Amino acid sequence: MLLELRIGQLGLVDELVLPVDQGLTMLTGETGAGKSMIAGALSLLCGGRVPKDLVREGEDIGWVEAVFDLGDSPLRTAEIRRAGIRLGEDSVLVLRRELRREGRSRVMINGLLSSLPVLERIGPTLLSIQSQHQQLTLSRAGFARDYLDEALQLEDLRIAMRNAWSDWGEACTELERFEDDMRAAGEQADLWRYQHDELKSAGLDPEEEQSLSERLAVLQDIARLRQAAALALSLVADDRAAGELLGKASSSLPHTETPIRALEEARSALLDAQEYANQAAAQLERFLDSLDLDGGSLDELQERKALYEDMRRKYSRSIPELISYLELLSHRLELHNSAETGLTSRRDAVEEAKTRVEYTAAQLGAARRSGVTEVSRRALEIIRPLALADLELAFVIAHQDDPTSKFVQAGRSVAVDSRGADLVTLEVKTNKGEAQRDVTAVASGGERSRIYLGLTALVRGNLEPPLLLLDEIDAGLGLDAARPVARLLRTLAGEGQVLCITHLPTMAVHGRRHWRAVKNEVAGRTILDVQRVEDEDRVLELERLLGGEDRDSDAHSRRAFARELLKEAEAGR
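The sequence shown begins at -5 in my numbering and counts up one residue at a time.
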């Protein structure tokens, strides 16, 4: 609950401290006294916009601060903590908003610097402000659907619907991204496939390229090489050639009883030389045998050599790099060929998410339809006494057909969003003989205000109610018509805190506490003050409020009527 409201250097306020109690508190005052400053200050703590020139003339900084005790509000405390705010053991929460004439405003929560988005998140959980213009909320798109869900406490199904809708959206996005990638990859794959086939058919091998160079060198000078090799072979292997002479030289060296190292080393060297000569002869023979090639081999080798050079130049890679690139292309094409499986799995995911959306929307719709009649009945019970005796009211649920929609409900293609597949409208008729139509098309501004107030009363008990501020919600009502509205406010206040700004004495008498806004002149400046009125002061304030009525222009009679109203209100508590 709100313990205290503090306002400083805003508008007509110098510095104002208002202790707030449990139950219903009424605030009255002359027109222009500054009552709406209270509503405006609380609006700032909900993240409301700052009116121009709100900071008091001559001041640089204005501020509003509210102190809350959340000790008996576990749900609200949990929401505060989810917003990243820590509470002490005393469960006290202090919200402060500072406005600067020059520069940016500042938000403080429990003495620590915070931000406006955080205030916008937690402020409405602590404070609810309803003015005579709040009835415009009834025309907000989706209001009836959101309200019905709140009245039926369908938050779990709403969360499930939002999650299913989000999952479907993500699955569709993933499928679209994958299809785009596949289209792009399909264009690239044509190039990959061409390069793969070209490199694979080339059959590149680094060792072959080296061999080609040698074989081409031989073929291009084959006659001279054959003659030279044959001559060398004859010098090594023919009679009286080097090998035979080396053998004879080795045999000519004598063997002695005592080995002579120099002779033995010479004999060994001659034998090695003879062996090398024999090996050279064998290699020369093999070389001469290899020269027996077809006449067209030179052209073939030259073409093969040119292929290697073309591949290097075309791909700007070495032969080993081209072989590695071929392996990479094979891997890419394998992945691309298997992408069809990935596409199928993503399409299946979209279909599964779509089915979950349809199922959850059907569950949510069934829950709405099962409870809508009871909600309409309970709303009528609350609102009819508010000077709307002939009111008929119903929440009407329907589907919006959409041939282009992918979603089906009850065998029809219908529009669906994150809140389900239902269109919900609030239809009323306020006078007998009229047709029942959308509330915004039938009810007057005052009627819509009372309808909205009754709807607020219906759902206020579902959760821990925030402080409810009603800013002249009784505008346009007469004295008698205000009585049932006041009794409803008293019922609402029994579950929490209600602060009502009013001009009607038949409203004001129902408050457990009564404040009066007055303007005083101090040192040549006008200052707003809010005073608590009790006993005879309260009677006098009610007499002032009665001053414009036609019952009796005599002040004594008005005072007596004020006492009568107080007595009547006290008896009704």
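Backbone N, C-alpha and C define an ideal beta-carbon position, used for all residues, glycine too.
Since we're looking at a predicted model, the values are computed, not measured.
Item	Value
Would S312 count as contacting chain D if we go by Cβ distances under 8 Å?	Checking the listed chains, one finds no chain D in this structure; it contains a single protein chain.
Between which residues of its own chain and D288 is the CB-CB distance below 7 Å, once the five residues before and five after are set aside?	Annotation note: pLDDT 45 at D288 (below 50); position unreliable, coordinate value reported separately. Nothing listed; no residue qualifies.
Give me the DSSP bridge partner(s) of G389.	The sequence shown places Phe at residue 389, rather than the Gly named in the question. Beta-bridge pairing links F389 to L420.
Exposed or buried, which one is V516 when buried takes at least 16 other CB atoms within 10 Å?	exposed
When we look at the beta-carbon of S37 and count the other beta-carbons within 10 Å, is it buried (16 or more) or exposed?	buried
Does the Cβ of A138 have 16 or more other Cβ atoms within 10 Å, making it buried, or fewer, making it exposed?	buried
Whole angstroms are fine: how far does the CA of E368 sit from the CA of L452?	12 Å
To the nearest whole angstrom, what separates the beta carbons of A361 and L146, a pair I think is in contact under 8 Å?	6 Å
Compute the Euclidean distance between the alpha carbons of L10 and T520, then round it to the nearest angstrom.	14 Å
Ignore the nearest five residues each way along the sequence and tell me which others in G41's own chain have a CB closer than 7 Å to its CB.	L110, L113, E114 and G117
With contact counted as at least three CB pairs below 8 Å, one residue from each stretch, are the region 155 to 170 and the region 402 to 420 in contact?	yes
Mind checking who M20 pairs with in its DSSP beta bridge?	C494 and H508
Which residue from T424, R371 and H508 puts its Cα closest to that of H497?	H508
Where DSSP assigns a beta bridge to M102, which residues make up the other side?	R90 and L107
At the level of alpha carbons, what is the spacing between N514 and V44?	25 Å
Restricting to Cα atoms, I'd like to know which of K561, L559, L540 and L560 is closest to V23.	According to the sequence shown, residue 23 is Gly rather than Val. Of the listed residues, the one whose Cα sits closest to G23 is L540.
Could you please give the first and the last residue of the uninterrupted alpha helix (DSSP H) stretch that includes I55?	Counting along the chain, I55 falls outside any alpha helix (DSSP H), though it belongs to the beta strand (DSSP E) covering I55 to D63.
Can you list, in chain order, the residues of its chain whose CB lies under 6 Å from that of A476, leaving out five sequence neighbours each side?	D468, L498, T500 and M501
Under three-state DSSP, which class holds D465?	strand
Quick one: is R76 buried, meaning 16 or more other Cβ sit within 10 Å of its Cβ, or exposed?	exposed
What does the Cβ neighbour count give for A236, buried or exposed, with the cut at 16 atoms within 10 Å?	buried
Assuming R538 contacts Q525 (C-beta within less than 8 Å), just tell me the rounded distance between them.	Between Q525 and R538 the Cβ distance is about 13 Å, and since that is not below 8 Å, they are no contact.
With contact counted as at least three CB pairs below 8 Å, one residue from each stretch, are the region 379 to 392 and the region 333 to 348 in contact?	no
Assign G414 to one of three DSSP states: helix, strand, or coil.	strand
Under three-state DSSP, which class holds P478?	helix
Going along the chain, which residues of its own chain have a beta-carbon closer than 7 Å to the beta-carbon of A274, five neighbours each way excluded?	V230
Using the DSSP secondary-structure output, state which residues sit across from Q403 in a beta bridge.	R406
Please check the pair V49 and V88, which I expect to be a contact at CB under 8 Å, by giving their CB distance rounded to whole angstroms.	Not confirmed; about 21 Å, so no contact.
Is the beta carbon of I366 sitting closer than 8 Å to the one on F389?	Inspection of the sequence shows that residue 366 is occupied by Val rather than by Ile. Contact flag set, yes.
Is V533 closer than 8 Å to R506 when the C-beta atoms are compared?	no
So, do the region 296 to 312 and the region 189 to 199 have three or more beta carbon pairs nearer to each other than 8 Å?	yes
Whole angstroms are fine: how far does the CA of P200 sit from the CA of R307?	15 Å
Return the CA-CA distance between G5 and S122, expressed in angstroms with no decimal places.	22 Å
Would you call the CB atoms of L449 and Y141 closer than 8 Å?	yes
What are the start and end residues of the beta strand (DSSP E) that includes R526?	R519 to R526
Exposed or buried, which one is E315 when buried takes at least 16 other CB atoms within 10 Å?	exposed
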